[in-house]
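The opening position of the sequence shown corresponds to residue 8 in the working numbering, with each subsequent residue numbered one higher.
Yeah, the Cβ is synthetic: ideal placement off N, Cα and C, and Gly gets one too.
A quick note: this is a predicted structure, and the numbers were derived from the prediction, not measured.
Heads up: the structure comes next, in structure tokens.
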Amino acid sequence: MPSWPERVTVEAPASSANLGPGFDALALALDLWLRVTVTPLDAGAESLTVEGEGKDDIGLDAGNRFLIGLEHGMEEFGLEPPVMRIEMRNEIPLARGLGSSAAASVAGLLAAQALAGEEMAEGRLLALATEIEGHPDNACAALMGGFVVVGERPARFDPPAALVAALFIPDLALRTADMREALPANVTHRDAAHNVGRTAMIVAALASGSRLDLLSAMADDRLHEPYRVAYFPQLPDLVRAALAAGALGAALSGAGSTVIALTDDEAVARRVAHAMAGTASGLDLPGRAVVVKPVRAGARVQPR
Numbered sequence: 008m009p010s011w012p013e014r015v016t017v018e019a020p021a022s023s024a025n026l027g028p029g030f031d032a033l034a035l036a037l038d039l040w041l042r043v044t045v046t047p048l049d050a051g052a053e054s055l056t057v058e059g060e061g062k063d064d065i066g067l068d069a070g071n072r073f074l075i076g077l078e079h080g081m082e083e084f085g086l087e088p089p090v091m092r093i094e095m096r097n098e099i100p101l102a103r104g105l106g107s108s109a110a111a112s113v114a115g116l117l118a119a120q121a122l123a124g125e126e127m128a129e130g131r132l133l134a135l136a137t138e139i140e141g142h143p144d145n146a147c148a149a150l151m152g153g154f155v156v157v158g159e160r161p162a163r164f165d166p167p168a169a170l171v172a173a174l175f176i177p178d179l180a181l182r183t184a185d186m187r188e189a190l191p192a193n194v195t196h197r198d199a200a201h202n203v204g205r206t207a208m209i210v211a212a213l214a215s216g217s218r219l220d221l222l223s224a225m226a227d228d229r230l231h232e233p234y235r236v237a238y239f240p241q242l243p244d245l246v247r248a249a250l251a252a253g254a255l256g257a258a259l260s261g262a263g264s265t266v267i268a269l270t271d272d273e274a275v276a277r278r279v280a281h282a283m284a285g286t287a288s289g290l291d292l293p294g295r296a297v298v299v300k301p302v303r304a305g306a307r308v309q310p311r
């Protein structure tokens, strides 16, 4: 039997993917965290306690992405997971387009490394997280932190220091699978070219930090948001409210239902959050507004 550490604590951040036209290619890590402590047990039954988001929904079942990540990681090292006591503290809303499943998968992989006392290359970690998630945008942001451009060789940048995100998080949960089914099988060359240009503007804005006005391109997507409005008809009004209140750009976060708006001023971000909340109330869409900063740090193992 391996000699397990007394306990392991890992954490991984939330993330917002797409940022409008950057469909499946862009993501930004956000200062909302999943923290998990794993304590190997010599005897007894495995247990799980959850505080915060998802406390009534996360269980010791086959759909638990943290356990899936941990099991994939342990298999990589040729080990069977120990019987564990698992304690989660979660700030990331579930099924709201904020990368909760990616954070859990990445946290599980890092926990496996810490339990095994071995490390995988970052590329292998991302490949495993992508295998679990099905696409790498949120997984890459959760693992690496900052602003990421996803491709064969992901590129990561520190987000501009002044950047602030206003989030409106509806009570409405949207399944990623349903939101992907809403997308057409084919798009026009005109729409694809349009999105390439707008995505390049967002990359220029966030990678340089000096042209944040280019974030206006976030609100100009043609590949996914126009089709997802069928499931989330309040989206255009929420984006308009954010822009009218001073946001530099606004878009659906991932597959939704969260709407993210970016600014370079915390007071403006609070005004934008308030405007989105007021608009949502008028649309009979319950939810809450939150202001958070992007984070440079990705998933990590806390020191013992």
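Would you kindly report the start and end of the unbroken beta strand (DSSP E) that includes residue i?
i       : result
Asn-97  : 91-97
Ile-267 : 266-270
Phe-84  : Where Phe-84 is concerned, there is no enclosing beta strand (DSSP E), given that its DSSP letter is neither H nor E.
Ile-209 : Careful: Ile-209 lies outside any beta strand (DSSP E), inside the alpha helix (DSSP H) at 196-215.
Pro-177 : 171-177
Ala-258 : 256-259
Gly-59  : 54-59
Ala-296 : 294-299
From residue i to residue j, what does the alpha carbon distance come to, in whole angstroms?
i       : j       : result
Leu-74  : Pro-89  : 12 Å
Ala-287 : Gly-76  : 36 Å
Leu-41  : Glu-60  : 9 Å
Val-157 : Val-246 : 25 Å
Ile-139 : Leu-150 : 14 Å
Pro-28  : Trp-11  : 45 Å
Thr-206 : Ala-192 : 21 Å
Leu-190 : His-231 : 6 Å
Ala-184 : Gly-80  : 25 Å
Ser-56  : Leu-67  : Sequence check: residue 56 is Thr here, not Ser. Rounded to the nearest angstrom, the two C-alpha atoms are 10 Å apart.
Asp-198 : Ala-257 : 19 Å
Ala-252 : Ser-112 : 36 Å
Pro-9   : Phe-84  : 12 Å
Taking DSSP's pairing of strands, which residues face residue i in a bridge?
i       : result
Val-155 : Ala-34 and Arg-163
Ser-23  : Leu-35
Arg-307 : Glu-18
Between residue i and residue j, is the Cβ-Cβ spacing less than 8 Å?
i       : j       : result
Leu-259 : Arg-235 : yes
Pro-166 : Arg-307 : no
Arg-14  : Val-43  : no
Ser-223 : Leu-255 : yes
How would you write the range of the alpha helix (DSSP H) that residue i sits in, first residue to last?
i       : result
Gly-141 : Looking at the DSSP string, Gly-141 is not in any alpha helix (DSSP H), and its letter there is neither H nor E.
Ala-109 : 107-123
Leu-245 : 242-251
Gly-285 : 273-289
Ala-184 : 183-188
Since residue i contacts residue j with CB under 8 Å, what's their CB separation in whole angstroms?
i       : j       : result
Gly-263 : Asn-145 : Their Cβ separation, rounded to whole angstroms, is 13 Å, which puts Gly-263 and Asn-145 out of contact at 8 Å.
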